[in-house]
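Below you'll find the structure, written out as structure tokens, and then a few comments.
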Amino acid sequence: MSAGAWTFLSNYGHVLVCLARDPDVRMRDVSVAVGITERAVQQIVSELVAQGYVEKEKVGRRNRYRVVRSAHFRHHLESAVSLGSFVDLVAGARGPAD
1 MSAGAWTFLS
11 NYGHVLVCLA
21 RDPDVRMRDV
31 SVAVGITERA
41 VQQIVSELVA
51 QGYVEKEKVG
61 RRNRYRVVRS
71 AHFRHHLESA
81 VSLGSFVDLV
91 AGARGPAD
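Per full-length UniProt numbering, the very first residue in the sequence shown carries number 1; after that it's consecutive.
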């Protein structure tokens with residue numbers, strides 16, 4: 001990775017932001033937004049659901065996702081921060097493409 005190519009958030013963080021912005025988003029659209037494969041998005045979402053950070057509900061043929069706002073970051077440096085606080089901070093902010 002070149003010196004200017006890194007970002008502050010991991011792919012997990014980017015996927016979480018996408019789900020918070022649009023609970024009905026398609027995995028294909030998340031993969032395009034994040035810049036990873038659809039399979040990678042599916043794996044990340046599965047892990048977020050399994051760990052209790054996201055809830056998944058079947059609605060017809062689609063899925064709806066809900067970020068568990070009361071969950072906290074895993075790493076001890078950010079463990080006092082809830083996902084609710086995080087998504088409030090970043091999910092409403094849009095980049096220049098919007």
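A virtual CB, placed ideally from N, CA and C, is assigned to each residue, including glycine.
Only a predicted model underlies this, so the values are computations on that prediction, with no experimental measurement involved.
The Cβ atoms of V67 and V45 lie no closer than 8 Å to each other. Put simply, the region 14-31 touches the region 49-69. At least three CB pairs are less than 8 Å apart. Counting C-beta pairs with one atom in each stretch, the region 67-77 and the region 26-41 have fewer than three that are closer than 8 Å, which means they do not touch.
Between V32 and N11, the CB-CB gap reaches or exceeds 8 Å.
Only residues of its own chain outside the window of five on either side were considered, and among them R64 have a CB closer than 6 Å to the CB of E57, listed in chain order.
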